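A short worksheet on the structure shown next.
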Amino acid sequence: MRLRALLDTPSLGLRLLGGEDELDRTVRGVMTTDLRDPSRYLSGGELVLTGLAWRRAPEDSERFVRILAAAGVAGLAAGEAELGSVPDDLVAACVRHRLPLFSVVEDVSFASITEHVVRQVSSERAGDLAAVVDRHRRLMTSGPTGGGPEVVLDLLGSDLDLRAWVLSPTGRQIAGSTLAGAGPELSAGTAARLAGEHLAAARSGRRGPHRVTIEAAGAPGGATFSLFPIRDDGRDLRQTLLSDWLLAVEADAGDWPEERLDLLHGVTQLIAVERDRRDAARTVRRRLAQEVLELVQTGAPPAEIAARLRVAAPVLLPGLGTAPHWQIVVARVEWEDGDVPGGPVAQSLLEEMLVDPGTFGPEPSDRIAVAHTGDEAVALVPLPVPDEPGDASAAGLHADELLSVVQEPLGRGLADDGRLTVGVSASVHSAEGLRGALEEARHARRVAAARPGRVCAAGHEELASHVLLLPFVPDDVRRAFTARLLDPLRDYDRRHRAELIPTLEAFLDCDGSWTRCATRLHLHVNTLRYRVGRIEQLTGRDLARLEDKLDFFLALRMS
48 MRLRALLDTP SLGLRLLGGE DELDRTVRGV MTTDLRDPSR YLSGGELVLT GLAWRRAPED
108 SERFVRILAA AGVAGLAAGE AELGSVPDDL VAACVRHRLP LFSVVEDVSF ASITEHVVRQ
168 VSSERAGDLA AVVDRHRRLM TSGPTGGGPE VVLDLLGSDL DLRAWVLSPT GRQIAGSTLA
228 GAGPELSAGT AARLAGEHLA AARSGRRGPH RVTIEAAGAP GGATFSLFPI RDDGRDLRQT
288 LLSDWLLAVE ADAGDWPEER LDLLHGVTQL IAVERDRRDA ARTVRRRLAQ EVLELVQTGA
348 PPAEIAARLR VAAPVLLPGL GTAPHWQIVV ARVEWEDGDV PGGPVAQSLL EEMLVDPGTF
408 GPEPSDRIAV AHTGDEAVAL VPLPVPDEPG DASAAGLHAD ELLSVVQEPL GRGLADDGRL
468 TVGVSASVHS AEGLRGALEE ARHARRVAAA RPGRVCAAGH EELASHVLLL PFVPDDVRRA
528 FTARLLDPLR DYDRRHRAEL IPTLEAFLDC DGSWTRCATR LHLHVNTLRY RVGRIEQLTG
588 RDLARLEDKL DFFLALRMS
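Numbering (the working numbering), first residue to last: 48 to 606.
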């Protein structure tokens with residue numbers, strides 16, 4: 048449909064304020080937003096509806112309109128409810144950027160305009176299926192009472208007999224159908240596999256939807272899923288892929304007609320509206336984290352930091368009677384070419400990773416505040432004060448648990464040019480401890496960075512070990528040290544298939560016990576003694592000496 052057609056519908060309550068020469072623009076969709084910068088959610092051709100909550104000063108209008116014009120939106124419709132009328136500075140900015148501007152009277156809801164636009168657009172694209180999109184759009188744009196993503200998925204099930212789920216990039220289930228008799232739930236393992244397949248397919252450049260078949264009990268040929276990205280805004284995938292949701296539909300979309308594919312694309316746009324709303328709700332928590340981080344890093348007095356924490360506690364843990372304990376998690380995303388900032392991606396990933404993977408829905412992340420600077424993100428995680436010493440519910444986060452679910456899907460999304468490293472501090476109970484906790488988390492992250500792999504994490508408990516020293520050994524020193532000790536053994540193994548390196552690892556792991564090591568390797572003790580003797584002969588070291596054992600141990604750790 049064209050913008051001109053909107054003025055021909057009196058029930059919409061639209062009044063043209065500028066851009067009469069641009070009314071033949073084609074409208075391909077509609078988006079409601081009050082974000083100050085909605086560019087990442089725009090793909091061009093939208094009618095943007097706004098309540099003007101983003102406008103704090105007259106100069107904000109120029110910036111907002113410039114962003115919309117650069118994104119190629121069809122037009123802007125501003126509600127009069129917030130300010131009583133559309134401000135002149137917004138009218139002037141739209142004139143400068145040749146962006147058609149409408150005002151929306153107070154008694155007409157954005158949901159009514161959205162419903163009308165979608166009905167017109169969908170009727171041109173999807174025939175009878177447009178009625179389903181209309182219902183989705185109406186429910187999703189009617190605010191919290193609309194029911195959220197679950198309502199959209201229920202309509203897919205009831206109208207099109209499709210089972211679908213909204214998943215995070217780590218495979219956590221954000222939403223699923225609530226219809227009775229809809230079939231078995233999606234298992235955590237299957238969800239993580241789907242997320243990994245989606246990330247890998249997108250990084251390889253394949254266009255969605257991506258088709259995946261997964262072996263399942265009771266399904267001899269396996270279950271087939273089609274994976275749709277929630278957003279596709281044309282930006283570098285590395286900026287969005289690891290933080291955006293996906294729609295998993297249990298069906299093979301390979302033989303679908305264009306009308307049904309268009310319909311599912313419309314559904315992903317609706318879910319993107321919900322994601323936008325949830326992202327906007329995180330603004331306060333992110334600001335709190337940024338303020339605390341800046342105070343800690345600049346060495347502010349503990350009393351000032353404590354005052355800021357008292358503000359943060361009720362926002363992150365509503366109804367909390369006493370000040371919580373705190374834990375800091377640091378994450379860093381780095382790309383090999385270095386031209387994509389990793390901080391925003393690390394921020395979104397932490398907000399996802401720090402949620403219990405078994406938790407359903409998006410709301411649990413509302414208790415996590417994450418800031419970012421450069422390629423690093425820092426999370427301020429509140430922990431309930433333990434009722435009794437040793438209370439497990441307040442024990443805090445552990446690095447290995449954070450990785451247990453997310454390592455496989457995120458590793459595939461990082462592909463061969465990205466890396467995520469995470470460090471976790473111990474819990475602290477006061478503002479005085481936050482500076483130390485931040486440094487502790489950063490040290491732990493550097494320990495993780497010294498390890499192989501695309502996704503690595505380390506916790507505070509490792510900082511009391513020798514491994515704390517390893518990340519700070521220069522690379523050339525590492526290579527020289529390990530080569531001097533291990534290369535003779537590797538060469539011998541390669542020529543004779545003697546397995547001297549595995550034997551050395553097992554011998555040190557068994558604390559030099561001949562009997563335990565021989566049992567582990569299923570060898571006779573004399574055979575083990577022969578191999579150890581060969582190791583000593585090739586390296587000139589004596590495995591009966593503590594110093595030589597330690598050198599071998601460190602060389603294996605650094606190799």
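Even for Gly, the Cβ is constructed at its ideal location relative to N, Cα and C. Since this is a predicted model, take the numbers as computed values, not measurements.
**Request:** In angstroms with no decimal places, state the Cα-to-Cα distance between H245 and T315.
**Result:** Straight-line Cα distance between these residues: approximately 15 Å.
**Message:** Check whether the region 113-127 and the region 80-100 are in contact - that is, three or more C-beta pairs closer than 8 Å.
**Reply:** Short answer: they touch.
**Request:** Mark G193 as exposed unless 16 or more other C-beta atoms lie within 10 angstroms of its C-beta, in which case mark it buried.
**Result:** Residue confidence for G193 is low, a pLDDT of 47 falling below 50, so the modelled location carries little weight; the figure read from the coordinates is stated next. Buried, by the Cβ-count rule.
**Prompt:** Which word fits R492, buried or exposed, when buried means at least 16 other C-beta atoms lie within 10 angstroms of its C-beta?
**Reply:** Burial check for R492: the Cβ neighbour count within 10 Å reaches 16 or more, so the residue is buried.
**Request:** Grab me the residues of S585's own chain with a C-beta within less than 8 Å of its C-beta, minus the 5 sequence neighbours each way, in chain order.
**Result:** Strictly speaking, residue 585 in this sequence is Leu, with Ser absent from that position. The answer, listed in chain order, is P535, L536, Y539, L547.
**Item:** Cβ separation of A319 and I277, assumed to be a contact under 8 Å, to the nearest whole Å
**Value:** Your pair A319 and I277 checks out as a contact, with CB atoms roughly 5 Å apart and the cut at 8 Å.
**the region 298-307 in contact with the region 316-336 per 3-pair CB rule at 8 Å** = The region 298-307 vs the region 316-336: no contact.
**Prompt:** Between the beta-carbon of L8 and the beta-carbon of R334, is there less than 8 Å?
**Reply:** Any question about residue 8 goes unanswered here, given that the chain covers just 48 to 606.
**Message:** Please return the same chain residues whose Cβ sits closer than 6 Å to the Cβ of S474, not counting the five positions on each side in sequence.
**Reply:** Its chain contains H372, Q374, L430, G443 as the residues whose beta carbon lies nearer than 6 Å to that of S474, once the 5 sequence neighbours on both sides are disregarded; these appear in chain order.
**Message:** I'd like the ranges of any beta strand (DSSP E) spanning at least 3 consecutive residues and lying wholly in the region 279-319.
**Reply:** Segments of the beta strand (DSSP E) lying fully in the region 279-319: 293-296.
**Asked** Where does D558 land, buried or exposed, given buried means 16+ other C-beta within 10 angstroms?
**Response** Counting C-beta atoms within 10 angstroms of its own C-beta, D558 has fewer than 16 neighbours from the protein chains shown and is therefore classed as exposed.
**Asked** What is the rounded straight-line gap between the Cα of L94 and the Cα of G483?
**Response** Distance between the alpha carbons of L94 and G483: 50 Å.
**Asked** For I277, which three-state DSSP category applies?
**Response** Collapsing the DSSP output to three states places I277 in coil.
**Message:** Distance check for R604 and V524, CA to CA, integer angstroms please.
**Reply:** In a straight line, the C-alpha of V524 is about 14 Å away from that of R604.
**Distance between L82 and L449 (C-alpha atoms, nearest Å)** = Roughly 31 Å separates the two Cα atoms.
**Prompt:** In angstroms, rounded to a whole number, what distance separates the CA positions of R103 and D447?
**Reply:** Cα to Cα, the separation comes out at about 44 Å.
**Asked** At a cut of 8 Å, does the region 209-218 reach the region 374-389 through at least three beta carbon pairs?
**Response** The region 374-389 and the region 209-218 do not touch, with fewer than three beta-carbon pairs separated by less than 8 Å.
**Item:** Buried or exposed by the 16-neighbour rule on C-beta atoms within 10 Å, applied to P549
**Value:** P549 should be labelled exposed.
**Item:** C-alpha distance - S572 paired with R285, whole-angstrom precision
**Value:** A small correction: the amino acid at residue 572 is Val; Ser does not occupy that position in the sequence shown. Rounded to the nearest angstrom, the two C-alpha atoms are 53 Å apart.
**Request:** Ignore the nearest five residues each way along the sequence and tell me which others in P456's own chain have a CB closer than 7 Å to its CB.
**Result:** Only residues of its own chain outside the window of five on either side were considered, and among them P216, T217, G218, A239, A242, G243, L246 have a CB closer than 7 Å to the CB of P456, listed in chain order.
**Prompt:** By Cβ distance, which residues of its chain are closer than 6 Å to S108, with the 5 residues on each side in sequence left out?
**Reply:** Counting only Cβ-Cβ distances below 6 Å, and skipping sequence neighbours, we find D136, L137, A140.
**Prompt:** Taking just the CA atoms, how far does S451 sit from A527?
**Reply:** A straight line joining the alpha-carbon of A527 with that of S451 spans about 34 Å.
**Asked** Does the separation of the CB atoms of R49 and L70 fall below 8 Å?
**Response** Closer than 8 Å, so yes.
**Residue from L293, G131, L148, I114 with nearest C-alpha to G122** = If we check each option's Cα against that of G122, L148 comes out closest.
**Message:** Assuming the contact rule is C-beta atoms closer than 8 Å, H144 and T56 should be a hit. Round their C-beta distance to whole Å, please.
**Reply:** Not confirmed; about 25 Å, so no contact.
**Message:** On the CB-based measure, 16 or more other CB atoms within 10 Å of its CB, does L597 come out buried or exposed?
**Reply:** Per the 10 Å Cβ criterion, exposed.
**Message:** Which residues does DSSP list as the beta-bridge partners of L382?
**Reply:** The amino acid at residue 382 is misidentified as Leu; the sequence shows Trp. Paired residues: G465.
**Request:** Could you work out which residue in D384, G76, A505, L233 is closest to I160 when comparing CA atoms only?
**Result:** Minimum Cα distance to I160 is reached at G76.
**Message:** Residues in the same chain with beta-carbon distance under 7 Å from G437, minus the five sequence neighbours each way, listed in chain order, please.
**Reply:** Annotation note: pLDDT 49 at G437 (below 50); position unreliable, coordinate value reported separately. Nothing listed; no residue qualifies.
**Item:** Rounded distance between the beta-carbons of V343 and L481, thought under 8 Å
**Value:** With a Cβ gap of about 5 Å, L481 and V343 count as contacting.
**Asked** Which same chain residues, not among the five before or five after E338, have their C-beta less than 7 Å away from its C-beta?
**Response** Same-chain partners within the cutoff: R355.
**Status (buried if at least 16 other CB within 10 Å, exposed otherwise) for A504** = Classification of A504: buried, given that the 10 Å Cβ count is 16 or more.
**Asked** So is A173 buried or exposed if we call it buried at 16+ other beta carbons inside 10 Å?
**Response** Note that A173 has pLDDT 42, beneath the 50 cutoff, so the model's placement of it is unreliable and the number below is only indicative. When all chains shown are included, A173 counts as buried.
**Rounded separation between R332 and V376 - CA only** = Roughly 15 Å between the two C-alpha positions.
**Prompt:** Can you list, in chain order, the residues of its chain whose CB lies under 8 Å from that of L130, leaving out five sequence neighbours each side?
**Reply:** Here the set comprises L99, R102.
**Asked** Which first and last residues belong to the alpha helix (DSSP H) in which S395 is found?
**Response** Counting along the chain, the alpha helix (DSSP H) containing S395 begins and ends at 390-400.
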